Amino acid sequence: MKQNTPPSFLAGLLIAASLFMGIPLQSSAAGAAKSPSLARLDADASRLDSDMMALHTRLQDIHKTLWLTKTLLAVPGNLASDLKKLEAELKLLDGMLDTAQAIPQTREDAKKAKQEVDAALKEVSAARAKAEEVEQRVEPFRARLDTADNRIQKVDTNAERFRVAVVHPMPTYTGVAQTCVNYAEQSRMQCMQRTADNKADTLDRGVVQLDEIVRLALTDVPDLVSLKKLEADFEALDSIRNKVEALLKKTHAMLDALKELDGLMGHHFHVSFPYPDPTWKNPARISHYEIKVSMRTILNGSKAIEDEIERTLSKSLWKAAKLFGVGKLVDSLKHQAESELNAIKNKLHLNQSLRIPELARIDGFFGNITADIARFSADFGMNLPDISLDAPSFNYRGQRIDLNAIRNLMNELAPHGISGPAASLCAGVSYGCTASAAPSSRPSAATPVHAPTVTPHTTTNHGTTPSPQPVHTSPKHTEWPFKR
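Reading the sequence shown from the start, the letters are residues -29 to -1, 1 to 455 in mature numbering (1 follows the signal peptide of the UniProt record, and there is no 0).
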């Protein structure tokens, strides 16, 4: 009759072979079990790992919100700056429209544009003053948000480094410990298991206490609802700012056109007519006489142009001008002036709107922002625990956590690290237990043991070089500083 080989016997043979051949223990021993104390430490460490990951996620979310809020808090200042530019351009525009009002062809449109500018100027001036007021109110919060964000990032970075280096690989440390116990000499195996369990129980109390701190920190993480609500108001302000910038482009184009118009008012147009200019050698010679007339004179009409021509000419030249046709001279001057004027009128766009309706609602947006900012305490970052690899301990809500003790106990469980062949990891590991007179033996088919899974981890003893553990006269460990 065929007999089945016990699984424990196969596991013993497999791991014994790995020890003999110097092969690292891998998942081939997945069926092996740890002691209840080591298994309980694994479960609590996994829970701590999960809670610290949750804290990391929350702190990352807070950092993003604070960064966005700091960016948004610059909006009132940017808006105030743009409104100040617009206010200055509207004032300049208001004065330069007087020139357009002096021109018959643009007088009515310029009059309406001036009314539009006056109304817009009142709204823009009021909005600018409000934006500057809000800018002064939120400016102190920008510095406080910087302080809080720096604190959040420091706490998050330190906690994540601690989680990756200490908490996450903890089950691998317990796996090494159980492996070393299972393959110790039979005479010291029971003592080593008891010592490893005592260390695990002590370490577990620290892990549980640290997890309580992390969970408290999760509840202490601030509610950022008030800051997140700001986004809609800031988006509305940013939309207003875009419209202010668009209006600035319009007013700038109008100012350029009005400057051209103002320059046109001082411009002189030229026209010439033929007149007899005989000489002894050429008694039939004809010359041309050029007349210059200003734009202001031309705008006063044909009679004013004709009077200006007559005033500038001698009697003989005036007679020649009349023979040529004064009307033709007047029409030529008017045509030149109208061509220049029409080109500028096409750039003026005096009938366009210069109002931003949303400015009427700016008080509401600013009111929401100042109220929500005032409800937010930017000092919250100082109330979070700093769980750092570089700190020996920390205090939080009256509790002291000895981080060095956690790291030291982990190193005591796996003095040679957590990566490498099992024979190397367990070489000389006794946990202070001495061999008795009883004959020692390795695991065999007669004494099967359950070896745990030991998976190499990228972090070995958290970057420190382990020192050999002293041989204790008692399997008991030193007193643990955490609460019992």
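We treat Cβ as the ideally placed atom computed from N, Cα and C, and that holds for glycine. Note that the structure is a prediction, hence the values are computed from the model and not measured.
Counting along the chain, tyrosine 246 sits inside the beta strand (DSSP E) bounded by residues 239 to 247. With respect to the C-alpha of threonine 341, the residue from Lys200, Leu219, Val301 having the closest C-alpha is Lys200.
Assigned with DSSP and collapsed to three states, valine 192 falls in coil, not helix or strand. If you draw a straight line from the Cα of glycine 298 to the Cα of valine 88, it comes to about 40 Å.
Under the three-state reduction of DSSP, arginine 371 is assigned to strand. Taking 8 Å as the cut-off, the Cβ atoms of alanine 292 and phenylalanine 244 count as close. For leucine 374 against proline 356, the beta-carbon gap comes to about 11 Å, at or over 8 Å, which does not count as contact.
In this chain, the alpha helix (DSSP H) harbouring isoleucine 276 covers 273 to 283.
Each of Gly237, Ala155, Gly234 was checked against the Cα of alanine 398, and the nearest Cα belongs to Ala155. Comparing alpha carbon positions, the residue from Ala130, Gly403, Asp302 closest to threonine 28 is Ala130.
A Cβ-Cβ separation of about 52 Å leaves aspartate 53 out of contact with glutamate 183 under the 8 Å criterion.
For the stretch 20 to 80, the full-length alpha helix (DSSP H) segments reaching 4 residues or more read 46 to 72 along the chain. Separation of aspartate 172 and leucine 12 (C-alpha to C-alpha, rounded to the nearest whole angstrom) is 7 Å. Contact between the stretch 253 to 267 and the stretch 207 to 223 is not established, with fewer than three Cβ pairs separated by less than 8 Å. Each residue's CA atom was taken as its position, placing threonine 42 and arginine 346 some 19 Å apart. In terms of Cβ geometry, phenylalanine 336 and aspartate 227 do not form a close pair [threshold 8 Å]. Between alanine 81 and glutamine 72, the CB-CB gap stays under 8 Å. Tyrosine 260: member of the beta strand (DSSP E) spanning 257 to 265, first to last residue. Residue pairing by DSSP places phenylalanine 365 opposite Ile372 in a beta bridge. A direct Cα-Cα distance of roughly 14 Å separates alanine 308 from isoleucine 262.
With a cut-off of 8 Å on Cβ pairs, the stretch 227 to 237 is in contact with the stretch 315 to 328, counting three or more such pairs. By a beta-carbon distance limit of 8 Å, glutamate 106 contacts alanine 51. Their separation comes to about 5 Å. DSSP, read as helix, strand or coil, puts tyrosine 402 in coil. Nearest neighbour of aspartate 302 by Cα position, chosen from Val264, Lys83, Glu202, turns out to be Val264. A distance below 7 Å between beta-carbons, with the five flanking residues on each side excluded, links tyrosine 260 to the following residues of its chain, in chain order: Ser243, Phe244, Tyr246, Leu288. Following the DSSP letters along the chain, one finds proline 142 inside the alpha helix (DSSP H) bounded by residues 141 to 153. Per DSSP, the continuous alpha helix (DSSP H) segment holding glutamate 309 begins and ends at 297 to 319. For leucine 294, the number of other beta carbons within 10 angstroms of its own is below 16, and it is reported as exposed. In the assembly as shown, threonine 405 is an exposed residue. Its beta-carbon has fewer than 16 other beta-carbons within 10 Å.
Remark: C-beta atoms of threonine 40 and leucine 198 approach each other more closely than 8 Å. When Lys286, Val185, Phe112, Asp65 are compared, the shortest CA-CA separation from alanine 25 is found for Val185.
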